[in-house]
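This report refers to the structure that appears directly beneath it.
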Amino acid sequence: MIASARNAGALLACVFAATALGCAGATGVPQGKPFEPEARRAAYMPDDTDRAAGAVAAAAMGSDPAAARAALAGFETTERLRRAADEPSSGLAPYAQHLVDATSGDAIAYRRATAELLDRGEIDPALRTQLEMEVADDPLLLAKQRIGEGRRVRVTRAVNALSEAVGRSILTLAFAPIRVGQALVGLAVAEHMDDPISLQQRQALAHWKQYVETHPETPEARELVEKIESLNAKWFATKRRRSVRAAEQALEHGQNDLALLLAERALRYAPDDRRARRLRDTAEERVAHRRAERAKSLEATRGPLPDLRDPHARGLLIALMADGGDVVAASDALLATSPEGPLAGAARFARANAAGEAGRESEMWNELAALAGRDPDEEPMARHARALVDTPTQNPWQAFQAAQGSETRQTAAVLALGPLARGPRDRDLPRSVEWLLEAPTLVPVLGGIPWRLVQTAIAPPESKGPGLAAELYLERYPDGEHARELRDWLIESEADGERWIRAHAIAAEAGDTDPERLAELAEQAAKQSIEIAEKQKRRDVRLTILHGASTRYPDTESGARAAELVREEIENASEQRIRISRGFLDENPRIAGPQGLGLRPELLDGDRRNGELHPDGVTLRGGRTLQVALLPASGKKTDDPEKVEQTISAERLSRLVSLLEETSLRNALIDPLAEQEADARRDYYFERARLGVADAPDVRPTAESSFTFVGVRERYNVVRSRESILPIELVISGSLPDLGLGAFPRLRMPRETPDAVLYR
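Residues in the sequence shown are numbered from 371 upward in steps of one, following our numbering.
The structure is reproduced here in structure tokens:
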């Protein structure tokens, strides 16, 4: 008996242990289809409330305000009868009132009625947000807000500048007067740099104009005319100033035609502007001089003809025209007898070209450079030689050396002067005054040299000039004297920039690259090709890139992986890949419920024993096919899911896409963080699904969407940033160059409106 009891206890313990292990580890596989059967729906019979709401909608859509108000009165009567019968409210009253208010042709009356509707209680949050947006869309109110923001920007800028100057002097009080003085000078310069009309004033001007155009008979419109004229004058002054500054910069960069155009534009805004006139005159003189020089270059003057009785001249002509003629010997003979004669320049030019054709590249360019250094008025061939020497496409080696020298000088300037490497900041002041204003920053700039040395060592600046010149050289002289040197330089340059595909192509084309180095570059290039392909949204583009990687780099691991991805792309190809994540379904249970997907409840109950939905959720694969991702047997969310496909009815698909759009719009109104991105391909498929024509597949690559509906908690990892309601923030500032440390309060700048970019 005792032994039997012991055996029974041991058996019971084993059963409990096995049960616990099973519950902790493995995940059950759901039986049957993931979607519940679609229930038959009886024909819906509208009641009195439905008919009254339909009458309001019909009258409003018919653009009949009187009929709409009468229908609204009938609807309100129906609602009172429901309350008298202790029936719940339909919740449609605010919507009906808003719809009728919208039939008013007077925008002012519409906004006033909307504001009154907001005072009601029990308004749907999404509708409340929409009503608040309608009330806020008042041109006069918006203009007043923009004008106030403009004043706040100026005040905030001044307060912050002085506060920073004082705060940074906590540890070095002796420098406080200097920093305050610098702050005051900076404010004065900022005021000088400001346009006559600020960004906020331009926005207010647009709102005022809109109001006057739509309500010209109101008293406010007559009062706004004077303000509009004043701001218009400032706007024209701003456009004149911008045109003048742009013209000056164009002149500095040698863009004389552009400078002339901008100066004339400035004069259209201010015909008596002396600065614009001076710029126009200077630009006209430069343009006229360039045209005269171009006309002069096209002139052809009769030069001395070669004396055929001169054996050396005759010999050079024969050598130039004959196949295999010894041009070098003939040129040397002519130059020996007449080094400064009328044909000496032509002989030197012919000799240099002959040396280049013979493969003596350096000799050719040295002789052409010597000829280009002569006076073109005395030696006509000097101009032709100069054109060849200075043209990057003709002399890419010199262009490469010049680009490298320019890059070295720029790097040295940045190391020494940092932000002042290209000169002082443009403040629309004389250059000497701009340098004087930068004088206080010279000490910290020079003190930052060690830090810039470290930055340059870690991430050296990259210039495209040397690389372009090297490619030009290899294209023009693939077997030139410097081809090997430039090819090696180009390979290392592309590799340093992690442009592995280009680096491998150059190395493979060379033919003499070390096999190990070539294999390393091939592996990196194949890996980079896969990364590029994964970023593409179109299936045909991904397949093209992956197929190219698998064929160009077949002996690499990444090349083999690219081939596998090609096979997976073909096997998993579908018309659409619109995914609804598990997080989105948890936040929006209506979409997962009977009105939407109709997912079985146990897939979302958190119990792994009866099967559970994977975080990947549900994917619309095109047509009426849906793919459900389930947790694998391991129960780990990070493992690949078990995928099950099921075809749903056209009616359920239509309801699903409609509910998805409705829910997304509603969520965006209630919570801006829940707004979903726009996707034209997704919307195109949704429209076809609503019309019931999704069964006809659209296999065009441009019709495929890979959009994902993601929940807010899933997108922001539960933690959501909140903007402080306080207008002040505390700033702790440090500076490595001068080892400065300070703390100071700073006022928050007014945030620009989304449409501010239209008024810059």
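Idealized CB from N, CA, C, for every residue including glycine. Here the structure is a predicted model, which means the values were calculated and not measured.
Between V1082 and L1043, the alpha-carbon positions lie close to 7 Å from each other. Ranked by Cα distance from P985, the options V936, E804 and R1085 are led by R1085.
The three-state reading of DSSP puts F1077 in coil, since its state is none of H, G, I, E or B. By the neighbour-count criterion, in which a residue is buried when 16 or more other Cβ atoms sit within 10 angstroms of its Cβ, W821 is exposed.
By the criterion of at least three beta-carbon pairs nearer than 8 Å, the region 838-845 is in contact with the region 766-780.
Each of E408, G850, D1068 and A1020 was checked against the Cα of E731, and the nearest Cα belongs to G850.
With respect to the C-alpha of R857, the residue from E845, G867 and E868 having the closest C-alpha is E845.
Under the DSSP assignment, E841 falls in the alpha helix (DSSP H) whose first and last residues are G835 to R846. The DSSP assignment places complete beta strand (DSSP E) segments of no fewer than 3 residues inside the region 994-1075 at 995-1000 and 1012-1017, in order along the chain.
Within a 10 Å sphere around the beta-carbon of Y414 sit fewer than 16 other beta-carbons, which makes this residue exposed.
For the pair D977 and F1079, the Cα-to-Cα distance works out to about 24 Å. Note on T761: under 16 other CB atoms within 10 angstroms of its CB, so exposed under the neighbour-count rule.
In this structure, L569 and R1058 do not form a Cβ contact; the two beta carbons are roughly 43 Å apart against a cut-off of 8 Å.
Judged by DSSP secondary structure, I950 falls within the beta strand (DSSP E) whose first and last residues are I948 to I950.
Between the C-alpha atoms of V1127 and M563 there is a straight-line separation of about 19 Å. Along the region 846-914, the alpha helix (DSSP H) occurs as fully enclosed runs of 4 or more residues at 853-866, 870-880 and 885-904, listed in sequence order. By the Cβ-count criterion, T484 is buried, with 16 or more other Cβ atoms from all chains shown falling within 10 Å of its own Cβ. Each residue's CA atom was taken as its position, placing S951 and L996 some 13 Å apart.
Contact between G1062 and S1034 fails: their C-beta atoms lie close to 22 Å from each other, not under 8 Å.
Beyond the five residues adjoining it in sequence on each side, K609 comes within less than 6 Å, by CB distance, of Y639 in the same chain, given in chain order. Counting only runs of 4+ residues, the alpha helix (DSSP H) found wholly inside the region 522-594 occupies 546-563 and 569-584, in chain order. Ranked by Cα distance from D1068, the first of E449, R439, E777 and G993 is G993. Between A574 and I517, the C-beta gap is smaller than 8 Å, which places the two residues in contact. One alpha carbon belongs to R522, the other to P1120, and they sit about 7 Å apart.
Of all alpha-carbon atoms in N626, E748 and M734, the one lying nearest the alpha-carbon of H659 is that of N626. The beta carbon of L512 sits closer than 7 Å to the beta carbons of H577 from its chain, once the five residues preceding and following it are set aside; these are given in chain order. With a threshold of 16 other beta carbon atoms within 10 Å, R481 meets it and is buried. Pairing A616 with L630 gives a Cβ-Cβ distance that is not under 8 Å.
Annotation: the region 454-480 contains the following complete segments of the alpha helix (DSSP H) (minimum length 4 residues), in chain order: 463-471.
Around the beta-carbon of E1021, fewer than 16 other beta-carbon atoms lie within 10 Å, marking it exposed. Taken in chain order, the whole alpha helix (DSSP H) runs of length 4 or more contained in the region 717-752 are 731-742. Contact between the region 861-875 and the region 789-801 is absent, with fewer than three C-beta pairs closer than 8 Å. Excluding five sequence positions before and after V759, the CB atoms of its chain that fall closer than 6 Å to its own CB belong to L738, A739, A742 and N765, given in chain order. Rounded to the nearest angstrom, the Cβ distance from R991 to S944 is 4 Å, consistent with a contact under 8 Å. Here V803 is exposed: its Cβ has fewer than 16 other Cβ atoms, across all protein chains shown, within 10 Å. In the DSSP assignment, P416 falls outside any alpha helix (DSSP H), carrying neither H nor E.
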